[in-house]
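There are 2 protein chains.
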Amino acid sequence: MIGLGLIGGSLLRAASAVGRVTWGATASEADVTAAAAEGFDVSADVEAALRRAGEQDALVVLAVPLTVIDDVLRKVGSVAPRCLLTDVASVKSSVLTSVRRLAPQTRFVGGHPMAGTAESGWRAGNAALFGGAAWVACVEEDTELAAWAEVARLALDVGAHVVPLTAKTHDEAVARISHLPHLLAAVLAAVGADGGPVPMALAAGSYADGTRVAGTRPELVRGMTEGNREALLPVLDEALGRLGAMRGSLASTGGLAATINAGHKGAQALAEARDVTPTGVRVNLSAPDAREGLRALGERGGRITAVADDTAIGEVG
Amino acid sequence: MIGLGLIGGSLLRAASAVGRVTWGATASEADVTAAAAEGFDVSADVEAALRRAGEQDALVVLAVPLTVIDDVLRKVGSVAPRCLLTDVASVKSSVLTSVRRLAPQTRFVGGHPMAGTAESGWRAGNAALFGGAAWVACVEEDTELAAWAEVARLALDVGAHVVPLTAKTHDEAVARISHLPHLLAAVLAAVGADGGPVPMALAAGSYADGTRVAGTRPELVRGMTEGNREALLPVLDEALGRLGAMRGSLASTGGLAATINAGHKGAQALAEARDVTPTGVRVNLSAPDAREGLRALGERGGRITAVADDTAIGEVG
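Quick note, the sequences are listed as chains Y and H, same order.
The first sequence begins at 1 in full-length UniProt numbering and counts up one residue at a time.
The second sequence begins at 1 in full-length UniProt numbering and counts up one residue at a time.
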């Protein structure tokens, strides 16, 4: 485990708790001290931890901020150039590009656990963080399926279910359901506070809900949104188009039915997606079309819930 | 109590629970049946309930949807033309205009409890709904302060604190902290669902928070937003201006620091507003500048927490 913040620290705890042999390293002295005090095998020597992983053919998990991921990948490329590698960053295309440039011989599978809080650092973590969460494990044209299965097993071991997607499909989806929410929350919090003390005194449920993630550390939000620029721009334009049409309608006819009904329908779509009785699906990981099978499952909103021998077992609504 | 839905039904329960003599009426047969079954003095005859209030000099609370408030005000004007009157609608200027036109001799004080859920109807209500909530009681140039004190006492009796504001100031504030959140939630829910099954499968905390109020009944959201058009348009333009600038920055330099930092600062402003140690304030309701005193308190983010004899007792941060 490289990086022992909220995600890396939680994953080190969770993987250890299910009996995996784990070790970690981070540049954060505070996180090393805190994790060591709890008995974990951790150090501040990232290169030594990577070398050990290379020697033991261990799965390396990069759980560092996006801003330093290239620096760490350079170390991977020089110290453990053929290791089994995954990451937990919230954008996947840019990490894939970096891996291809800086550590091209690694057996890499991009990953993203859809879990987290507004807090950060080792002390904010806990072994139960991933329970019930979706964990994207990327399947590209050249993804090695044995490596993919290793990453999926880790995610399943710590209580998540696995969603197989390409980096591109992942990035488009998180632009909608994570990056746009963060940016709309920021705009709402700014417009609310610009109104002075009266709006603050009257703020209740809808404002508290709508601004909650605006309290996230700005550098984390910048990392994920700025790092997903290509997928985020068209989604922002969709949102701006809807808001502009709404503004025009309010100014002219005074009516907001189109916007409000579309939003209500969207809220129902989320509830319905969670209410479907799923159908079982199996993907033979040694079949020639296994990558297509995994991606087709993910693109239909499905999930992998177990990996047994050479078969990924899942369900789709 | 005219109207026995979420707010009216909760207020009838809460006022009865503190020993007030209450009766109610509504056009909803279902709500009459449900409230009567719980022992409340209710009927489907709105005119009879209003006549009784006029005869007994009782406080009439209009808790009906904005779409029917003019119809009910016509009845008030004909059956109880000089009654003590308040309402609980989420916009205040348009109701004030209607009262001046349809029931001009009533002793009217506009009201708005900042409480509610996405549910509706008698069965959704409960006596504790207003505990800890802000309850705006409007102070206009011609507001009779004895009537204002009666409305404030009702709000205080059911556990709320009272915020004295003009209808105009109220409407500007709720455009920011209630109506804009509802519209942004609708846009987010629509853009999310437009992405198909993958975003729905990955949606987690930030999306769930940001879309929660998009599940509110569309006619309620339309009523409050369309009914507050004048105050809402400039607030929408502020939001569109911030989003447009953000979009431009992402497309050109790729940077989102300005947006994200402003949002983080806004989130802190809300937390700070709630963290201030308040100073006590007293307003003599029989003083010639009592209206100015009350409004000045409200405009600074303050609140009234008690009304004793002729004095409103409050605090401001």
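All residues carry an ideal CB built from backbone N, CA and C; glycine is no exception.
Interface residue (Cβ-Cβ distance to chain Y less than 8 angstroms): N126 of chain H is not classified as such. Within the stretch 273 to 306 of chain H, those residues whose Cβ lies closer than 9 angstroms to any Cβ of chain Y are, in chain order, A273, R274, G298, E299, R300, G301, G302, R303. Straight across, the Cα-Cα distance linking V88 of chain H with G244 of chain H is about 35 angstroms. Shown here, T33 of chain H sits in a helix according to DSSP, grouped into three states. Boundaries for R303 of chain Y: no alpha helix (DSSP H) harbours it, while the beta strand (DSSP E) harbouring it runs 303 to 308, taken from the DSSP string. For the C-beta of A80 of chain Y, not a single chain H residue is nearer than 7 angstroms; the gap to the nearest is close to 30 angstroms. Distances from the CA of T253 of chain Y to each of H:E226, H:V307, H:D194 were compared; the closest alpha carbon is that of H:E226. Non-local beta-carbon contacts of A175 of chain Y in its own chain, meaning distances under 7 angstroms to residues more than five positions away in sequence, involve N228, A231, L232, V235 in chain order. In this structure, the CA atom of L294 of chain Y is about 42 angstroms from the CA atom of G266 of chain H. With respect to the 8 angstroms criterion, V281 of chain H and V307 of chain H are not classified as neighbours on the basis of their beta carbons. If you check the CB distance, W135 of chain Y and V163 of chain Y come in under 8 angstroms.
For A258 of chain H, the enclosing alpha helix (DSSP H) has its first and last residue at 257 to 273. In the DSSP assignment, V235 of chain H falls within the alpha helix (DSSP H) that extends over 229 to 252. Nearest neighbour of P218 of chain H by Cα position, chosen from H:H179, H:M246, H:T305, turns out to be H:H179. For the C-beta of L6 of chain H, not a single chain Y residue is nearer than 7 angstroms; the gap to the nearest is close to 13 angstroms.
Contact with chain Y is found for R222 of chain H, since one of that chain's Cβ atoms lies less than 8 angstroms from the residue's Cβ.
Contacts with chain H at 8 angstroms (Cβ-Cβ) include T225 of chain Y. Assignment of D87 of chain H by DSSP, reduced to helix, strand and coil, places it in the strand class.
In the structure shown, A290 of chain H falls within a helical segment according to DSSP collapsed to helix, strand and coil. Remark: C-beta atoms of G192 of chain Y and A201 of chain Y do not approach each other more closely than 8 angstroms. According to the DSSP secondary-structure assignment, W148 of chain H is paired through a beta bridge with no residue. In this structure L66 of chain Y does not touch V99 of chain Y by the C-beta definition: roughly 13 angstroms separates them, more than the 8 angstroms allowed. A distance below 6 angstroms between beta-carbons, with the five flanking residues on each side excluded, links V158 of chain Y to the following residues of its chain, in chain order: A14, F130. With 16 or more neighbouring CB atoms inside 10 Å of its own CB, I177 of chain Y falls in the buried class.
Within chain Y, G195, V198, P199 have C-beta atoms less than 9 angstroms from the C-beta of E172 of chain H, given in sequence order. In this structure, V91 of chain H and T259 of chain Y do not form a Cβ contact; the two beta carbons are roughly 18 angstroms apart against a cut-off of 8 angstroms. Of the other Cβ atoms in all chains shown, 16 or more fall within 10 Å of the Cβ of G195 of chain Y; this residue is therefore buried. With respect to A214 of chain H, A185 of chain H sits close: the two C-beta atoms are nearer than 8 angstroms. At least one beta carbon of chain Y lies nearer than 8 angstroms to the beta carbon of A269 of chain H. Following the DSSP letters along the chain, one finds I313 of chain H inside the beta strand (DSSP E) bounded by residues 311 to 316. Interface criterion not met: the Cβ of V158 of chain H is under 8 angstroms from no Cβ in chain Y. Ranked by Cα distance from A63 of chain Y, the first of Y:L102, Y:I2, Y:V76 is Y:I2.
Interface flag for S98 of chain Y against chain H is unset, since no Cβ pair is found closer than 8 angstroms. Under the 10 Å beta carbon count, V21 of chain H is surrounded by fewer than 16 other beta carbons and is classified as exposed.
Counted as a single uninterrupted DSSP element, the alpha helix (DSSP H) harbouring A190 of chain Y occupies residues 180 to 194. In the three-state reduction of the DSSP assignment, G111 of chain H falls in the strand class, which pools E and B.
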